[in-house]
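One structure below.
In the numbering used here, the protein residues as written are 8 to 421.
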């Protein structure tokens with residue numbers, strides 16, 4: 008186990024956390040997890056996370072003379088890997104009553120590292136960082152953790168409303184995956200049982216293939232614009248299309264999850280979090296699996312080199328959270344639902360709520376799992392992915408006991 012600080016570029020710093028199985032690199036800018044890497048069965052090492060070609064290396068987009076290329080968006084300037092979107096999930100906007108950053112203030116801002124170290128109780132390493140919005144009167148303290156002999160990045164986001172009014176928000180964890188892990192032939196899976204597409208305007212400058220504003224139960228038969236269906240669980244080559252879907256997680260589920268399997272590399276990227284049936288009173292609900300299929304359908308910068316050009320990005324966002332598709336908060340109203348589930352969270356004045364999430368990245372032995380699995384089972388020492396008589400095992404703390412105990416101790420010492 009190891010943890011250390013790292014200087015990426017001038018005024019851009021990160022923290023590296025290692026155990027025997029994975030390594031993560033957490034940048035202060037945006038709280039981005041630039042790297043979640045693991046050894047492959049072939050003997051190499053691979054990072055599952057996307058590092059976009061357009062990712063800036065300067066102090067900020069506002070100090071970059073080419074800022075307009077990134078739409079002067081701090082989020083797009085520093086976007087990479089996994090990150091928290093709060094309180095907005097969607098496009099930036101400003102009106103008479105509010106202003107929100109693209110994909111939330113947390114993904115656009117600097118996270119101040121407060122403390123880091125090793126944990127004597129569980130033997131892990133951890134990092135605690137903070138982002139605070141003084142104007143809107145809220146803060147998020149994030150605790151990232153690795154445990155021995157587990158290929159899992161655990162995260163707790165402790166959200167506190169320091170104002171005098173209720174805080175209405177989206178809360179979404181994003182996992183942006185890219186090459187060399189993501190490639191055609193990868194297969195997807197998720198705990199959601201019904202799905203929905205949004206309006207065509209929710210993604211600006213996008214050429215989409217799915218029928219907009221449509222509900223469907225089987226995402227292996229998602230409706231296409233021109234008729235027919237497509238199997239969204241199969242990752243295609245570059246097709247010049249980009250789409251977004253949300254799927255509702257069953258209210259009876261004790262575990263929510265999503266996965267991406269690369270059968271050629273025999274690697275699985277598996278995300279999990281407390282399901283609705285296992286949610287404590289002080290926890291943020293995670294109601295949806297979200298998938299952004301960015302298969303080359305963007306026609307504006309920074310995805311393209313010039314306005315109207317060819318997209319340079321081939322990626323997948325397999326995140327989860329509570330959100331109204333990708334519409335953000337601009338027109339949100341309390342009580343809004345998607346597929347019968349709340350699309351907003353409410354944090355009362357003075358209240359604190361916790362958001363728990365984990366991402367595992369690991370090789371697997373049985374190559375039949377490369378054809379996808381049918382069920383997910385929580386066992387004492389981890390999670391089992393089952394396909395008839397074949398299975399893959401991910402050693403982990405699926406009920407987040409270690410992370411919750413660490414979070415409690417760190418907050419008590421503040």
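Glycine included, each C-beta is placed from N, C-alpha and C at the ideal position. All of these numbers come straight from a predicted model, not from anything done at the bench.
For residue 81, the uninterrupted alpha helix (DSSP H) segment begins and ends at 81-85. Check the Cα spacing between residue 239 and each of 261, 197, 280 and 406: the tightest is with 197.
With a minimum length of 4 residues, there is no unbroken run of alpha helix (DSSP H) contained wholly in the segment 323-392. Our two residues, residue 191 and residue 403, have alpha carbons roughly 28 angstroms apart in a direct line. In the DSSP assignment, residue 412 falls within the unbroken alpha helix (DSSP H) covering 408-419.
CA-CA distance, residue 217 to residue 128, rounds to 49 angstroms. Following the DSSP letters along the chain, one finds residue 117 in no alpha helix (DSSP H), marked with neither H nor E.
For the pair residue 162 and residue 202, the Cα-to-Cα distance works out to about 26 angstroms. The DSSP-derived three-state label of residue 303 is strand. Looking from the CA of residue 345, the closest CA among 307, 102, 419 and 177 belongs to 177. Closest in alpha carbon position to residue 367, among 391, 381 and 115, is 391. In the DSSP assignment, residue 21 falls within the beta strand (DSSP E) that extends over 19-25. When the beta-carbon positions are compared, residue 219 and residue 204 come within less than 8 angstroms of each other. In the DSSP assignment, the residues bridged to residue 164 are 149 and 362.
Our two residues, residue 14 and residue 85, have alpha carbons roughly 15 angstroms apart in a direct line. The Cβ neighbour count for residue 211, taken over all protein chains shown within 10 Å, is under 16; the residue is labelled exposed. According to the DSSP assignment, residue 176 belongs to the beta strand (DSSP E) that extends over 174-176. Note that the segment 298-311 does not touch the segment 268-278; fewer than 3 beta-carbon pairs, one per stretch, sit closer than 8 angstroms. Taking residue 139 as the centre and dropping the five residues before and after it, the same chain places the C-beta of 146 closer than 6 angstroms to its C-beta, in chain order.
DSSP, reduced to helix, strand and coil, places residue 124 within a strand of the structure shown.
Cβ contact annotation for residue 12 (same chain, cutoff 7 angstroms, sequence separation greater than five): 20 and 22, in chain order.
Its Cα nearest to that of residue 351, the residue 175 stands out among 56, 136 and 175. By the criterion of at least three beta-carbon pairs nearer than 8 angstroms, the segment 369-386 is not in contact with the segment 288-298. A distance below 8 angstroms separates the beta carbons of residue 325 and residue 182. In the DSSP assignment, residue 97 forms a beta bridge with 334.
DSSP, read as helix, strand or coil, puts residue 209 in helix.
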